[in-house]
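The sequence shown maps to residues 36 to 291 in the numbering used here.
Below is one structure, written out as structure tokens; the observations come after it.
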Amino acid sequence: MRIAITREVSPAIGRCELTHLERQPIDLELARAQHRAYQACLAALGCQVQTLPATPDLPDSVFVEDVAIVLDELAILTRPGAESRRPEVAAVAEALRPYRTLYAIEAPGTVDGGDVLRVGRRLFVGLSTRSNAAAIDQMRALLAPYGYTVQGVPVAGCLHLKSAVTQVAGDTLLIHRAWVDPGAFDGLALIDVDPSEPYAANALRVGQALVYPAAFPRTRGRLEARGLTVLPVDVSELAKAEGAVTCCSLIFETAE
Ligand code: CIR
């Protein structure tokens, strides 16, 4: 069974953290409608979608990806780089507890799940404004016995590593090279975003399909030209909060 943990859009999303974007008004009802359509897309792809309630005092809580890293063997609760986001962890921990043994990043480590890209047994972790070397050291010590390598990758110009690069097929990444050095990803094929769409590198892979923002038709064309199946979703309001498609769910397999 494939589970997708999601969380409703907070009524306080207008007060979200912003790093690279200017604050713009967010239409809460439209954001909620877009989020429901995103959830429906995950359900259509075979996910059993679980929805945690909206949290009025946690503006960024819809972005559940940032508070946990779920692997087949275990899950790691993060210590988000933005202090305002640390109280988001507790509810997601309770949602994950039935499925995985939980570990936690400890101070001084900080990491956002948006900085963690898993490709097979390789974890790439963005060294960003949110995630640091101390967290990477903790993850490496925890995960080495399971056969994972954990590699820090400097990120500049965007919020998270997965703003700059995501996996779109078994051995293929979608990348915006201005924000991350492609040299880290040896052995993997790379598809570049269209130069007119710098925010287009964040795709969510569910099975063999890609859930993908409708705002990037040119890069979508590049993906489809490679034979990839792309399901567009409109996430314009969440994008104003510096979120995209990977950040709104934690997707993992579990025994029936
Ligand atoms: C933040 O700055 O933390 C939120 N406003 C956006 C987080 C987006 N998360 C993600 O892409 N993984």
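Here a beta-carbon is modelled for each residue, glycine too, at the ideal position from N, C-alpha and C.
**OP:** Mind checking who residue 227 pairs with in its DSSP beta bridge?
**Re:** Here residue 227 corresponds to residue number 192 of the sequence shown, with the count starting at 1. Note: residue 227 sits in a beta bridge opposite 210.
**OP:** Counting only the same chain and skipping the five closest in sequence on each side, list residues whose C-beta sits under 7 Å from that of residue 66.
**Re:** Here residue 66 is taken as the residue at index 31 of the sequence shown, counted from 1. Cβ within range, chain order: 44, 48, 272, 273.
Subject >> Local conformation of residue 115 per DSSP, three classes >> reply: Translated into positions along the sequence shown, residue 115 becomes position 80. Note: residue 115 maps to coil in three-state DSSP.
Original post:
If you count every other CB in all the chains shown that lies within 10 Å of the CB of residue 254, and 16 or more means buried, which is it?
Top reply: Stepping through the sequence shown from its first residue, residue 254 is reached at position 219. When all chains shown are included, residue 254 counts as buried.
**OP:** Give every residue of the same chain whose Cβ lies closer than 6 Å to the Cβ of residue 85, excluding the five residues on either side of it in the sequence, and list them in chain order.
**Re:** In the sequence shown, counting from the first residue as 1, residue 85 sits at position 50. Result list for residue 85: 40, in chain order.
Original post:
Which term fits residue 243, buried or exposed, when burial requires 16 or more other beta carbons within 10 angstroms of its beta carbon?
Top reply: Sequence index remark: in the sequence shown, residue 243 carries index 208 (1-based). By the neighbour-count rule (16 or more Cβ atoms within 10 Å), residue 243 is not buried but exposed.
Original post:
Under the rule that 16 or more other beta-carbon atoms within 10 Å means buried, what is residue 56, buried or exposed?
Top reply: Counted from its first residue, the sequence shown places residue 56 at position 21. By the 10 Å Cβ count, residue 56 comes out exposed.
Original post:
Pairing CB atoms from the segment 167 to 180 with CB atoms from the segment 191 to 201, are three or more of them under 8 Å?
Top reply: no
**OP:** Could you tell me how far apart the beta carbons of residue 286 and residue 37 are, in whole angstroms, since I believe they sit closer than 8 Å?
**Re:** Here residue 286 refers to the residue found at position 251 when the sequence shown is read from its first residue. Here residue 37 refers to the residue found at position 2 when the sequence shown is read from its first residue. That pair is a contact at about 7 Å.
Subject >> Span of the beta strand (DSSP E), counted from its first residue to its last, around residue 161 >> reply: In the sequence shown, counting from the first residue as 1, residue 161 sits at position 126. 157 to 162 is the span of the beta strand (DSSP E), which, as asked, contains residue 161.
Subject >> Element boundaries [alpha helix (DSSP H), containing residue 40] >> reply: To locate residue 40, count along the sequence shown from 1; it is residue 5. Segment 37 to 42 is the beta strand (DSSP E) holding residue 40; no alpha helix (DSSP H) there.
**OP:** Using DSSP bridges, identify the partner residues of residue 110.
**Re:** As a working note, residue 110 is residue 75 in the sequence shown. BP columns for residue 110 point to 105, 137.
Original post:
Does at least one heavy atom of the ligand CIR sit under 8 Å from the Cβ of residue 195?
Top reply: As a working note, residue 195 is residue 160 in the sequence shown. Yes; taking the cut-off as 8 Å, the Cβ of residue 195 has a heavy atom of the ligand CIR nearer than that.
Original post:
Is the beta carbon of residue 176 sitting closer than 9 Å to the one on residue 137?
Top reply: Start at 1 with the first residue of the sequence shown, and residue 176 comes out as number 141. Start at 1 with the first residue of the sequence shown, and residue 137 comes out as number 102. Against a cut-off of 9 Å, the Cβ pair of residue 137 and residue 176 comes out as no contact.
Original post:
residue 107: beta carbon under 8 Å from a heavy atom of the ligand CIR?
Top reply: Residue numbering aside, residue 107 sits at position 72 when the sequence shown is read from its first letter. No; taking the cut-off as 8 Å, the Cβ of residue 107 has no heavy atom of the ligand CIR nearer than that.
Subject >> Stretch pair the segment 122 to 133 + the segment 68 to 78: three plus CB contacts closer than 8 Å >> reply: no
**OP:** Under 7 Å Cβ to Cβ from residue 237, same chain only, skipping five residues before and after it: list those, please.
**Re:** Within the sequence shown, residue 237 is the residue found at index 202, counting from 1. The residues are 197, 198, 201, 279, 280, 281.
Original post:
So, using beta-carbon positions, are residue 161 and residue 189 closer together than 9 Å?
Top reply: As a working note, residue 161 is residue 126 in the sequence shown. As a working note, residue 189 is residue 154 in the sequence shown. Contact: yes.
Original post:
Among 46, 180, 159, which one has its Cα closest to the Cα of residue 104?
Top reply: In the sequence shown, the residue the question calls residue 104 occupies position 69. Comparing Cα-Cα distances from residue 104 to each of 46, 180, 159, the minimum goes to 159.
**OP:** Using the Cα positions of residue 152 and residue 58, report the straight-line distance between them to the nearest angstrom.
**Re:** Along the sequence shown, read from residue 1 onward, the residue named residue 152 stands at position 117. Along the sequence shown, read from residue 1 onward, the residue named residue 58 stands at position 23. Rounded to whole angstroms, residue 152 to residue 58 spans 27 Å at the Cα level.
Original post:
Does the ligand CIR have even one heavy atom less than 8 Å from the beta-carbon of residue 76?
Top reply: For the purposes of this step, residue 76 is identified with residue 41 of the sequence shown, where counting begins at 1. The answer is no for residue 76.
**OP:** With a threshold of 8 Å, establish whether the CB of residue 277 neighbours any heavy atom of the ligand CIR.
**Re:** Looking up residue 277 in the sequence shown gives position 242. It does: the Cβ of residue 277 is within 8 Å (strictly closer) of some heavy atom of the ligand CIR.
**OP:** Output the distance between the C-alpha atoms of residue 82 and residue 163, rounded to the nearest integer angstrom.
**Re:** The residue you call residue 82 lines up with position 47 of the sequence shown. The residue you call residue 163 lines up with position 128 of the sequence shown. Roughly 30 Å separates the two Cα atoms.
Subject >> Spatially closest choice to residue 97 from 290, 289, 288, 277, by CA coordinates >> reply: Here residue 97 is taken as the residue at index 62 of the sequence shown, counted from 1. Selected option, being the one with the closest Cα: 277.
Original post:
Is it the case that the CB of residue 198 approaches a heavy atom of the ligand CIR more closely than 8 Å?
Top reply: Here residue 198 corresponds to residue number 163 of the sequence shown, with the count starting at 1. Yes; taking the cut-off as 8 Å, the Cβ of residue 198 has a heavy atom of the ligand CIR nearer than that.
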